[in-house]
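Student: The sequence shown begins at 0 in numbering that gives the first Met the number 0 and counts up one residue at a time.
Note that the Cβ used here is the ideal one computed from N, Cα and C, for glycine as well.
Remember, predicted model here, so these are calculated numbers, not experimental data.
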Amino acid sequence: MQGQTRAWGNEVVYHLFVDRFRNGNPALNVRPASFHFHGQPVAVSQNKRELTGDRTHQHTFYNGDLQGIRDALPYLQELGVTVVLLTPIFASRSTHRYDTDDYLRLDPHVGTDEDFRALVDDLHSRGMKLALDGVFGHTSFEHPWYRDPALRKKHYRLKPDGNAETWLGWGVLPKLDTDDPETQDKLLEVIDRWPGVDAWRLDAAQHLPASFLRRFRERLKAQNPHAIVIAEEWEAVPTQLRDGLYDGVLNFQFRRPVVDFFRGEIGAETMVRRLSAYLDAYPPEALRHCWNLLDNHDTERYFGHHAHDARRLRLALALQILLPGTPQLYYGNEIGMTARDSHAARAPMVWEPRKWDRSVRAAYDEFLGLRRAHAVFDEGGLRWVHASNRTKTVAFVRESDTARALVAVNAGDYDETLDFEGERILVKAQDTRVVFA
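Below, the structure written as structure tokens:
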């Protein structure tokens, strides 16, 4: 396996749902009714009809695997992706694999240890990084720790009847006792078992104790000083970032105001105020590791509550890609996939080019190209220079010692003229403008 990859800088994250992304090795496929999940025989898509993410299909396997991801790396690299974030890949009986059966074993339908090592090597040889999803607050009932009564007593939070408490009331997710040092020790073994990982996304990090978070990050940095911890946090966490519990967050503090603005639920001035709340509170280095998302597998897609309009999408992408932070793309958005809820957001990736919306891809190419070509969008500071509820226009400046760029976004129906460096800058209605000084 190749060693540590380069340090972090000017990254683009691509978040994919493993089972729904791409099948590369049919020999690993789940077979219909080969095991039971929630008392029902598992179903498998035959891939001969239009694939959907309908709620009734959530337990249907589409057989995405690690080989499929390897096969897609040229596509991802051409898009400009530098970090591939996977949904969980450890042994499980579900399609989403957030109910872990064994942290030390890959799901056999995803791949082998050799497949994992090959994926790490392929990514690192391309200068890309791998991010894994760590679900450490709960397991499935099939986990060996739960099936053994003695280990259950040691590692889980138990009720008086001897059964485990369940995570947030989900009856199929027994809750681990992550305050217990011995349980923490066992969970930390996961880091050493899977070397070559450049980032761990910690699922539901707000439910994990500070003692575990601190130990996890320290153990990871000991293995690879360049590796980082990204927390799934739905609320602002400036204290946790300043205290070094993690390097960055999945940035829902970015998503909420931006999505609300483009839905017409808040004005431009409110959006800027809400964005500034975390931008002003987070440490500068942590801001670079805030993964700015418009959607993911737990939300509707951007093209769900918003009309399928590439021109409007450009406005949101200008904010996602050019504001401080790291853009986190969700698989399929770059080709115009739609979903009105989180179930449909897990629909399989569309690989037929004739079904792709090329205008959407062009919008991604435009702003990812700008970010790649100009380091100021990764390293520069931020200064808001305009926000108007009346015209639905915002503008900000990214600046460093060597570069300065104005980014203006006009979501209104009328052209707007702004002053920048002594010049009058026209920003057309429903358009963006980027000007370098």
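#1: Please state the DSSP three-state secondary structure of G168.
#2: Any contact between the region 143–161 and the region 170–190? By contact I mean 3 or more CB pairs, one from each, below 8 Å.
#3: So does V426 have its beta carbon nearer than 8 Å to some heavy atom of the ligand FMN?
#4: Relative to the C-alpha of E10, which residue among R19, I227, G266 is closest?
#5: Starting from I265, follow the beta strand (DSSP E) in both directions and report where the run begins and ends.
#6: Please report the Cβ distance between A410 and K427, rounded to the nearest whole angstrom; I am assuming they are in contact, meaning their Cβ atoms lie under 8 Å.
#7: Compute the Euclidean distance between the alpha carbons of L491 and N223, then round it to the nearest angstrom.
#8: Specify the secondary structure class of L219 as computed by DSSP and reduced to three states.
#9: Between which residues of its own chain and L240 is the CB-CB distance below 7 Å, once the five residues before and five after are set aside?
#10: If you count every other CB in all the chains shown that lies within 10 Å of the CB of W169, and 16 or more means buried, which is it?
#11: According to the Cβ coordinates, are H288 and G247 closer than 9 Å?
#12: Taking all protein chains shown into account, do 16 or more other C-beta atoms lie within 10 angstroms of the C-beta of E77, making it buried, or fewer, making it exposed?
#13: Tell me whether Q429 sits in a helix, a strand or coil according to DSSP, three-state version.
#14: May I ask you to list the residues that DSSP assigns as paired with A198?
#15: According to DSSP, is E232 part of a helix, a strand, or is it coil?
#16: Measuring straight from C-alpha to C-alpha, what distance separates D178 and P208?
#17: By a C-beta neighbour count over all protein chains shown, 10 Å radius and 16 as the cutoff for buried, is T138 buried or exposed?
#18: Straight-line CA distance for I424 to V434?
#19: Name the two residues that bound the continuous alpha helix (DSSP H) containing S93.
#20: Beta carbon of L292, beta carbon of R339: below 9 Å?
#21: Is the beta carbon of A203 less than 9 Å from the beta carbon of W166?
#22: Pair every Cβ in the region 308–321 with every Cβ in the region 366–383, then say whether three or more of these pairs are closer than 8 Å.
#23: If I measure Cβ to Cβ from E415 and keep anything under 6 Å in the same chain, skipping five residues before and after, which residues do I get?
#24: Report the rounded CA-to-CA distance for E351 versus H342, giving the unit in angstroms.
#25: Would you call the CB atoms of L84 and A198 closer than 9 Å?
#26: Name the two residues that bound the continuous alpha helix (DSSP H) containing H307.
#27: Which residue comes first and which comes last in the alpha helix (DSSP H) that contains P73?
#28: Thinking C-alpha only, which one of E420, V236, A436, Y413 is nearest D430?
#29: Measure the Cβ-Cβ separation of L27 and H108 and say whether it is below 9 Å.
#30: State the Cα-Cα distance for the pair W290 and L201, rounded to the nearest angstrom.
#31: Considering only the beta carbon of each residue, do V29 and V17 sit closer than 9 Å?
#32: What are the boundary residues of the beta strand (DSSP E) that V248 is part of?
#33: Closest to F60 by CA distance: which of S93, D101, K128, D70 is it?
#34: Taking R104 and A117 to be in contact with their CB atoms under 8 Å, please state how far apart those CB atoms are, rounded to whole angstroms.
#35: Helix, strand or coil for R241 per DSSP?
#36: Just to confirm, is the Cβ distance from F36 to H14 under 9 Å?
Tutor: On the basis of the supplied data:
#1: helix
#2: yes
#3: As far as ligands go, the structure on display features none, and thus does not contain the ligand FMN.
#4: The shortest CA-to-CA distance from E10 to any of R19, I227, G266 is the one to I227.
#5: Run containing I265: none; DSSP gives neither H nor E here.
#6: In fact, because the Cβ distance is near 12 Å, the residues do not count as touching under 8 Å.
#7: Outside the displayed span of the chain (0 to 436) sits residue 491, for which this structure offers no information.
#8: Helix.
#9: Y281, P282, A285
#10: exposed
#11: Between H288 and G247, the C-beta spacing is below 9 Å.
#12: Exposed.
#13: coil
#14: A130, I227
#15: strand
#16: Each residue's Cα considered, the two are about 6 Å apart.
#17: Counting every other CB atom within 10 Å of its CB across the protein chains shown gives T138 a total of 16 or more, marking it as buried.
#18: 8 Å
#19: From DSSP, S93 is part of no alpha helix (DSSP H); its letter is neither H nor E.
#20: no
#21: yes
#22: yes
#23: T390, T392, N409, V426
#24: Rounded to the nearest whole angstrom, the CA to CA distance from E351 to H342 is 22 Å.
#25: A contact, by the Cβ cut-off of 9 Å.
#26: Looking at the DSSP string, H307 is not in any alpha helix (DSSP H), and its letter there is neither H nor E.
#27: 65–78
#28: Y413
#29: yes
#30: 13 Å
#31: no
#32: 247–250
#33: Of the listed residues, the one whose Cα sits closest to F60 is S93.
#34: Not confirmed; about 17 Å, so no contact.
#35: The three-state reading of DSSP puts R241 in helix, counting H, G and I together.
#36: Cβ atoms of F36 and H14: not closer than 9 Å.
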